[in-house]
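Worksheet: one structure, shown below.
Protein chains: 2
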Amino acid sequence: MNENVSPDERLRQMIARLKESDNRVTPQRYAVLKVLAHSFEHPSAEDIHAQLLDNFPTMSLATVYKTLALLKQQGEVLELEFSDLCNRYDGNKPYPHPHVICTGCGAIVDPSFQDFAEISQKMMDETGFKIVAHRFDFYGLCPDCQNSE
Amino acid sequence: MNENVSPDERLRQMIARLKESDNRVTPQRYAVLKVLAHSFEHPSAEDIHAQLLDNFPTMSLATVYKTLALLKQQGEVLELEFSDLCNRYDGNKPYPHPHVICTGCGAIVDPSFQDFAEISQKMMDETGFKIVAHRFDFYGLCPDCQNSE
DNA sequence: TTATTTACGGATAACTATTATCCTTAACGA
DNA sequence: TCGTTAAGGATAATAGTTATCCGTAAATAA
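Quick note, the sequences are listed as chains A and B, same order. Going letter by letter, the first sequence gives residues 8 to 156 in my numbering. Going letter by letter, the second sequence gives residues 8 to 156 in my numbering.
Here's what the structure looks like:
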């Protein structure tokens, strides 16, 4: 599962994967990968774009989306979809895992609990589905937002 | 939690709740509630609208959305949000519960597992969040879609 | 019953995150 | 260095949902 990998090592992994599949590692792509590897707050496409504008003033938001789409296809980024908000991305742990989401400020953190094998098997046994992914989100207020109420 | 309530009883509950809060129960709203109470396949807004066009040829899709928004606000319907697909609605069990979702045909079924108290408490202890809701989705292929591959 | 007020329904415009399109430019191999 | 092809940038298009506006129906009071 490649857990507990440093941001730089994770960056190398993503670059290697792109090269293996004959995709070019352009300066723009490298920059997006770097932000993803070093971000633990699950940034949105616009967050990533905003962070890159300093060094890449002409960086298009479309390029960020295209790079994210490529990484999704390679299984190198996890997309957290929201219908009413913008999607958020996790490049450090691209496999399904639980998230705790603040409905006040939008913060997203990863809890340590990760064990879904058993419960996933239970669901398959009961429903006959062949389950390949899952989503486990908890919604509430983070400590900061609780205090500032 | 009002589990295992018959569709007709569930319909009465929703109507009662609307009247309590001084909302009118118009023929259009009644029709939307009825579809929600009798549907177990988690219909979309358009599904509901399509089912009603026979008896209400002038029913507007906006009316369906408005009624769903009202029910959401009252906590009488659960909205399952998808960023790439249309949202789906559960009027029978308006509280958070797990779903098993077919990525082939879009079918959504409710497994029997419902116990989230313990795991929810664990998340609160670890993160300091005050958790009020959750989402637990399993994605895979239903038996029918597995066979027709 | 009638008048009055207010909420509701219907049609449609607006919104917004994301994707597609199109053309130019940059990357890589020979 | 040249030629091929993928990638970037700007912008149009998409689609589910929400907002707006006005006519109408529902509830209340006289």
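Just so it is clear, CB atoms sit at the ideal spot from N, CA and C, and this is done for glycine as well. Quick caveat: nothing in here was measured; it's all calculated off a predicted structure.
Would you say residue i and residue j are within 7 angstroms of each other, going by their C-beta atoms?
i	j	result
M130 of chain B	P118 of chain A	yes
G135 of chain A	P150 of chain B	yes
L77 of chain A	M66 of chain A	no
Y96 of chain A	E88 of chain A	no
Y72 of chain A	A52 of chain A	yes
T74 of chain A	V32 of chain A	no
P14 of chain A	H56 of chain A	no
S90 of chain A	S90 of chain B	yes
P101 of chain B	V84 of chain B	yes
In terms of alpha-carbon separation, which member of the options lies closest to residue i?
i	options	result
L92 of chain A	A:F63, A:D54, A:P101, A:C152	A:D54
K161 of chain A	B:F136, B:Y37, B:C152	The question about residue 161 of chain A has no answer, for chain A in this structure spans 8 to 156.
P34 of chain A	A:F63, A:S90, A:A23	A:F63
I108 of chain B	A:P103, A:F123, A:V139	A:V139
Q80 of chain A	A:N94, A:S28, A:F47	A:S28
N11 of chain A	A:A23, A:Q128, A:S90, A:F47	A:F47
Starting from residue i, follow its DSSP beta bridges and name the residues at the other end.
i	result
E86 of chain A	A:Y96
G135 of chain A	For G135 of chain A, which the question treats as bridged, DSSP gives no partner whatsoever.
G147 of chain A	A:C109, B:I138
I115 of chain A	A:I108
S51 of chain B	B:R95
Under 8 angstroms by Cβ, that's how I've got residue i and residue j pegged, so tell me the actual separation to the nearest angstrom.
i	j	result
G98 of chain B	L43 of chain B	3 angstroms
H106 of chain B	D144 of chain B	5 angstroms
L148 of chain A	G113 of chain A	That belief does not hold up - the Cβ atoms of L148 of chain A and G113 of chain A are roughly 11 angstroms apart, past 8 angstroms.
L18 of chain B	K41 of chain B	6 angstroms
Y141 of chain B	F120 of chain B	For the sequence presented, residue 141 of chain B should be read as His rather than Tyr. Not confirmed; about 13 angstroms, so no contact.
#### Entry: Those runs of the alpha helix (DSSP H) which lie wholly inside the segment 9 to 38 of chain B and span at least 4 residues
For the segment 9 to 38 of chain B, whole alpha helix (DSSP H) runs of length 4 or above, ordered along the chain, are 14 to 27.
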